[in-house]
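Novice: Be aware that the sequence shown starts at 1, since it is given in this note's numbering, and climbs by one per residue.
Starting off with a structure, shown below.
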Amino acid sequence: MGAAPLRRSGTIRRERVPPEDLFPRDVSSYIWTVGTMDKQALLDRLQTVLRQPSISFSVLHGSVAAGRDTPVSDVDVAVYVEERDRFLRLVVALDEALPERRVDVMNLAHQPAWVVYRVLASGEIIHVADEALYHEVKFRAMREYLDFKPVHDRILRDMERRLDDGRYGRVLE
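Right, dumping it as structure tokens:
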């Protein structure tokens, strides 16, 4: 269920809206049943493109990996590639391999630790060419993420409190 912000008397209130309420019933049933692809067939197609020595490792993440995808969901793929031109060629190759689905490709070599941690913690490994590098990146991301997590949580709590008090966006006094 998604959170939809509602503005009431100067404050923002979050309210849970079931996905089926986002579309009219007839449109919703059409969207959720058209264009599905078997997950194993998807993984097979991804592996044919991602099994390259220049790709240290690749991970499927997002709604497809979690089993919550719909026919209109994109396919989220994270790779670890050192060279920018190889990454750009890979993006084109994945787009050509899956013309019926939008593919969102992220290079973990250039992402902050919290992004790498979230992808590796919740994703599904597609291919690992360099196992030592995979474990090093995973360990480093976990260590940096957990070091920063208390600060991140406090920032979110303070922001939520300011939202609830109607003070978000104002200069702190």
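Glycine included, every Cβ here is placed at the ideal spot set by N, Cα and C.
Keep in mind the model is a prediction, meaning the values are calculated, not measured.
Any idea what DSSP makes of L60, helix, strand or coil?
Specialist: On the sequence shown, position 60 is the one that residue 60 refers to. DSSP places L60 in strand when its eight states are reduced to three.
Novice: Confirm, please, whether the CB-CB distance from A65 to S122 is below 8 Å.
Specialist: The count along the sequence shown starts at 1 and reaches residue 122 at position 122. The count along the sequence shown starts at 1 and reaches residue 65 at position 65. Result yes, Cβ atoms of S122 and A65 sit closer than 8 Å.
Novice: Quick check on the burial criterion: 16 or more other C-beta atoms within 10 angstroms. Buried or exposed for I125?
Specialist: Stepping through the sequence shown from its first residue, residue 125 is reached at position 125. So I125 ends up on the exposed side.
Novice: Taking only three categories from DSSP, how would you classify V77?
Specialist: For the purposes of this step, residue 77 is taken as residue 77 along the sequence shown, with counting starting at 1. Reduced to three states, the DSSP call for V77 is strand.
Novice: I need the straight-line Cα distance from R167 to W114, nearest angstrom please.
Specialist: Within the sequence shown, residue 167 is the residue found at index 167, counting from 1. Within the sequence shown, residue 114 is the residue found at index 114, counting from 1. C-alpha separation (whole angstroms): 27 Å.
Novice: Using 10 angstroms around the beta-carbon of A41, count the other beta-carbons present and answer buried if the total reaches 16, otherwise exposed.
Specialist: If you number the sequence shown from 1, residue 41 lands on position 41. A41 comes out exposed.
Novice: Using CA coordinates, which residue listed in R102, F87 and D38 is at the minimum distance from P175?
Specialist: The requested residue 175 does not occur in the structure, where the chain is confined to residues 1 to 173.
Novice: Under 8 Å, with one C-beta from each stretch per pair, do the region 125-141 and the region 96-105 reach the 3-pair mark?
Specialist: No, the region 125-141 does not touch the region 96-105.
Novice: Taking R118 as the reference, give the member of L60, I55, K39 and I155 with the closest Cα.
Specialist: Indexing the sequence shown from 1 puts residue 118 at position 118. Out of L60, I55, K39 and I155, L60 has the C-alpha closest to the C-alpha of R118.
Novice: Could you check what DSSP says for I183 in three-state terms: helix, strand or coil?
Specialist: Given that the chain is displayed from residue 1 to residue 173, the structure contains no residue 183 and the question cannot be resolved.
Novice: Can you tell me where the beta strand (DSSP E) with D104 in it begins and where it stops?
Specialist: The residue you call residue 104 lines up with position 104 of the sequence shown. Its beta strand (DSSP E) spans residues V103 to N107.
Novice: Specify the secondary structure class of E83 as computed by DSSP and reduced to three states.
Specialist: Position 83 of the sequence shown, counted from the first residue, corresponds to residue 83. Coil.
Novice: Any idea which residues DSSP pairs V116 with across the strands?
Specialist: Here residue 116 is taken as the residue at index 116 of the sequence shown, counted from 1. DSSP output for V116 lists no bridge partner at all.
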